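For reference, the structure discussed in these notes is given below.
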Amino acid sequence: MPLFRKKPPKHLPLETQLQILAANGINLLPGRTIDDLLVSFPREEYETLPYNLLLIMLGTEVEDESGRNFTDNVCSFDAECIEDTGDYARKIQRLAEIAGGDLPIEDIRDAIDVDAGTARIECTLDGRTHEFEPRFDDDWFDPEVIDWLEQLLTSRGSTRRFFLYDSGDQNIVVLCTTPHLITKLVKATGLQFHRTN
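Structure representation (structure tokens):
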């Protein structure tokens, strides 16, 4: 069931959007700036549909050679991203990173066989091996992978959960935070989030 309180405003300065997100737990990492965001899109695109493009971009890497992320609690990527071995592993590594240390998985491996139409993921958490077989659907990311990661997260007693933002396109935008903080974020922004399960 979506968490929804009010409609986001029709126009909001980028600085105000960042301030409101920061007050609700989503901060730019040190050294990241509005100028970094403006490399990808002009200010008007961020401000005409407040928070939408900004949340998508905050979940990506800065467009430079550094591979730096904008923030440490949002992850976003195109849903059509699974083309070869290593693709799930990279996404899972980033999803684990946004869990704020609550999901210290290691040795993430995947095997994707496009011809056979199969995928398999394996990782180590707290000394135990965990496996999952995502549903294979051409090059689409299986959102049940996020459910599986949340099961691992809750098995460690974390109060954090994964929440998906519906950006209206095929981007998968994931936040990992507590239900309390997501409720505050929804009230402050009017954005819609949902759980995968």
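Here my numbering is used: the first residue of the sequence shown is 4, the next is one more, and so on.
Note that the Cβ used here is the ideal one computed from N, Cα and C, for glycine as well.
Please read these numbers as outputs of a predicted model, since none were measured by experiment.
Inset, instruction - Compute the minimum distance between the beta carbon of G104 and the heavy atoms of the ligand FAD, and state whether it is under 6 Å. - result: Judged by which ligands are present, the structure shown has none, so any question about the ligand FAD falls away.
Inset, instruction - On a CA-only basis, which of H183, H197, C179, L52 is nearest H101? Give me that one, please. - result: The residue labelled residue 101 in the question sits at position 98 within the sequence shown. For the sequence presented, residue 101 should be read as Ile rather than His. If we check each option's Cα against that of I101, C179 comes out closest.
Legend entry - Residues near L184 in its chain [Cβ-Cβ closer than 6 Å; skip 5 each side]: Within the sequence shown, numbered from 1, the residue matching residue 184 stands at position 181. Counting only Cβ-Cβ distances below 6 Å, and skipping sequence neighbours, we find G28.
Legend entry - For S69, the three-state DSSP class (helix, strand or coil): Reading the sequence shown from its first residue, position 66 is the one you call residue 69. Three-state DSSP puts S69 in coil, outside helix and strand.
Legend entry - Three-state class that DSSP yields for I85 in the structure shown: Taking the sequence shown and counting its residues from 1, one reaches residue 85 at position 82. The answer is coil: DSSP assigns I85 none of H, G, I, E or B.
Legend entry - Cα-Cα separation, E18 to D39: As a first step, residue 18 is located in the sequence shown; it is residue number 15 there, counting from the start. As a first step, residue 39 is located in the sequence shown; it is residue number 36 there, counting from the start. E18 and D39: Cα-Cα distance of roughly 13 Å.
Inset, instruction - May I have a chain-ordered list of the alpha helix (DSSP H) segments no shorter than 4 residues that lie completely inside the region 7–50? - result: 17–26, 37–43
Inset, instruction - Return yes when the Cβ of F196 is within less than 7 Å of the Cβ of Y168, no when it is not. - result: Within the sequence shown, the letter at position 165 stands for residue 168. Within the sequence shown, the letter at position 193 stands for residue 196. Yes, Cβ-Cβ distance for Y168 and F196 is below 7 Å.
Legend entry - Assigned secondary structure, Y91 (DSSP; H/G/I helix, E/B strand, else coil): As a working note, residue 91 is residue 88 in the sequence shown. If DSSP states are grouped into helix, strand and coil, Y91 belongs with the helices.
Inset, instruction - Helix, strand or coil for I149, going by three-state DSSP, please let me know. - result: In the sequence shown, counting from the first residue as 1, residue 149 sits at position 146. In this structure, I149 counts as helix in the three-state DSSP scheme.
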